[in-house]
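Let me begin by presenting the structure, written as structure tokens, before commenting on it.
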Amino acid sequence: MDAFLQSLASGLVVGALYSLVGVGIVVIYKSTHVFNFAQGGLLMLGAYLTWYFMVQVDMPVWLGLICGLCSAIVIGFLIERLGMRRLVGQPILSLIIVTLALEALISGIITLLWGDREYNVFPEFIPPDPVEFFNIILSLQHIIIFVVTMVIIALFILFFKYSRWGLDMRAVAEDHQASMCTGISTKLVFIMAWAISTLLATIGGVLLGSINGVSTTLNHIANVCFPVVLLGGLESIPGVLIAGLIVGILEYMSGQYIDPIVGASTREVVPYIILILALIIKPYGLFGLERIERI
17 MDAFLQSLAS GLVVGALYSL VGVGIVVIYK STHVFNFAQG GLLMLGAYLT
67 WYFMVQVDMP VWLGLICGLC SAIVIGFLIE RLGMRRLVGQ PILSLIIVTL
117 ALEALISGII TLLWGDREYN VFPEFIPPDP VEFFNIILSL QHIIIFVVTM
167 VIIALFILFF KYSRWGLDMR AVAEDHQASM CTGISTKLVF IMAWAISTLL
217 ATIGGVLLGS INGVSTTLNH IANVCFPVVL LGGLESIPGV LIAGLIVGIL
267 EYMSGQYIDP IVGASTREVV PYIILILALI IKPYGLFGLE RIERI
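Our numbering puts the first residue of the sequence shown at 17, with every later residue one more than the last.
Structure below.
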């Protein structure tokens with residue numbers, strides 16, 4: 017029972033991080049209908065930049081974090097302004113290919129600047145002290161990460177539901193032309209979507225980096241977010257939250273109970289098995305919108 021609860025708690029923490037990064041993918045899709053395959057690269061770049069400010073520039077932790085997050089917003093703005101805006105009206109396949117190319121470009125830049133070896137973790141800004149309750153041992157770091165992630169996701173749910181900018185982004189997602197006719201600036205919405213997505217990716221990268229260290233493997237961890245988004249629904253932030261927790265829990269449960277039986281690590285394949293099953297059984301995701309289009 018203790019092993020079950022331990023796996024459950026660890027899965028919730030990791031699943032929350034998957035959800036946080038996945039929300040960034042959903043934000044872009046809700047606003048532009050572009051599936052951003054570069055999210056993993058943006059996560060990695062944001063983590064490296066924040067690490068650079070904290071360690072190599074030797075800034076105070078709080079200032080390095082602010083600089084990293086501000087850099088993420090600027091990067092999101094530049095991606096939209098210099099790249100994606102020029103492709104408005106192009107076939108969706110062209111946009112997808114551009115995000116894939118952007119992912120490769122970011123990975124190449126990181127390898128060029130910092131190499132591909134693993135660096136030490138960030139300077140300690142989240143206490144790693146162990147906390148035990150109900151025979152479950154978690155570090156205070158994991159607990160704080162889970163709480164921070166849940167708060168950020170909750171704020172974005174409220175942002176899209178009640179704020180003027182959030183409602184504008186939802187309106188643009190439904191109909192670009194009608195939104196423009198009502199005075200909504202679609203250009204501003206697109207910029208905000210990319211800036212928010214890059215910001216969330218950076219926050220996720222910093223939180224993951226504080227646990228696992230900053231390295232190019234962060235990109236592979238972020239790729240798990242794609243099955244999470246498709247399982248939860250491409251247009252549903254609450255759906256991505258639930259899907260992320262499900263995937264995180266199943267990952268750790270498989271590691272605890274299935275690995276000893278098969279004699280190999282199954283955690284890496286669990287998200288993709290879930291993805292295949294979801295696409296077969298419920299292709300729009302658990303909370304996605306089923307669209308019926310006239311042919």
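Note that beta-carbon positions come from the ideal geometry of N, C-alpha and C, so glycine has one too.
Boundaries (first-last residue) of the beta strand (DSSP E) holding residue i
{"i": "Val147", "result": "146-149"}
{"i": "Leu154", "result": "152-155"}
Buried/exposed call for residue i, threshold 16 Cβ in 10 Å
{"i": "Phe20", "result": "exposed"}
{"i": "Val222", "result": "buried"}
{"i": "Lys177", "result": "exposed"}
{"i": "Pro76", "result": "exposed"}
{"i": "Thr66", "result": "buried"}
{"i": "Ala146", "result": "According to the sequence displayed, residue 146 carries Pro and not Ala. By the 10 Å Cβ count, Pro146 comes out exposed."}
{"i": "Gln106", "result": "exposed"}
{"i": "Thr127", "result": "exposed"}
{"i": "Thr218", "result": "buried"}
{"i": "Ser270", "result": "buried"}
{"i": "Ile297", "result": "exposed"}
{"i": "Gly199", "result": "exposed"}
{"i": "Val167", "result": "exposed"}
{"i": "Ser87", "result": "buried"}
{"i": "Ala117", "result": "exposed"}
{"i": "Leu129", "result": "exposed"}
Residue range of the unbroken alpha helix (DSSP H) whose run includes residue i
{"i": "Ile277", "result": "275-278"}
{"i": "Phe200", "result": "According to the sequence shown, residue 200 is Ile rather than Phe. Where Ile200 is concerned, there is no enclosing alpha helix (DSSP H), given that its DSSP letter is neither H nor E."}
{"i": "Val286", "result": "286-297"}
Close beta carbons around residue i, own chain, < 6 Å, minus the five adjacent residues each side
{"i": "Ile125", "result": "none"}
{"i": "Ile89", "result": "Ala211, Leu215"}
{"i": "Leu154", "result": "Ala25, Val147"}
{"i": "Gly220", "result": "Leu33, Leu36, Val37, Leu59"}
{"i": "Ile152", "result": "Leu21, Gln22, Ala25"}
{"i": "Leu266", "result": "Val286"}
Chain-order list of residues whose beta-carbon lies under 8 Å from that of residue i (same chain, five-residue window excluded)
{"i": "Val137", "result": "Gly225, Ser226, Ile227, Asn228, Gly229, Val230"}
{"i": "Ala194", "result": "Ala187"}
Cutoff 7 Å; reference residue i; Cβ partners in own chain excluding five residues on either side
{"i": "Cys241", "result": "Tyr34, Val37, Gly38, Ile41, Gln55"}
{"i": "Asp132", "result": "Thr232"}
{"i": "Thr48", "result": "Phe206, Ala209"}
{"i": "Phe172", "result": "Val39, Ile253"}
{"i": "Asp184", "result": "Ile200, Val205"}
Enumerate, from N- to C-terminal direction, the unbroken alpha helix (DSSP H) stretches of 4 or more residues contained entirely within the stretch 17-74. Qualifying alpha helix (DSSP H) stretches, in chain order: 18-48, 55-67.
Alpha helix (DSSP H) segments (min. 4 residues) lying fully within the stretch 210-264: Fully enclosed alpha helix (DSSP H) runs of no fewer than 4 residues occupy 234-239, 241-248 of the stretch 210-264, in order along the chain.
Length-filtered (3 minimum) beta strand (DSSP E) runs lying within the stretch 161-192: Segments of the beta strand (DSSP E) lying fully in the stretch 161-192: there are none.
Would you be able to state if there are at least three C-beta pairs under 8 Å between the stretch 238-246 and the stretch 81-97? Segments in contact, no.
Quick check for students: name the residue ranges of the alpha helix (DSSP H) that lie wholly in the stretch 77-149, counting only runs of 4 or more. 77-98, 108-130, all fully within the stretch 77-149.
Does the structure place the stretch 93-110 close enough to the stretch 204-219 that three or more beta carbon pairs sit under 8 Å? Taking 8 Å as the limit for Cβ pairs, the verdict is that the stretch 93-110 does touch the stretch 204-219.
Should the stretch 251-269 be regarded as contacting the stretch 35-43, the criterion being three or more beta carbon pairs within less than 8 Å? In short, these stretches touch, since the Cβ pair count reaches three.
For the stretch 108-122 against the stretch 48-60, do three or more pairs of beta-carbon atoms, one drawn from each stretch, fall closer than 8 Å, so that the two count as touching? Judged by Cβ distances under 8 Å, the stretch 108-122 makes contact with the stretch 48-60, as three or more pairs qualify.
Taking 8 Å as the threshold, find out whether the stretch 156-166 comes into contact with the stretch 27-36 through three or more Cβ pairs. At 8 Å Cβ cutoff, the stretches touch.
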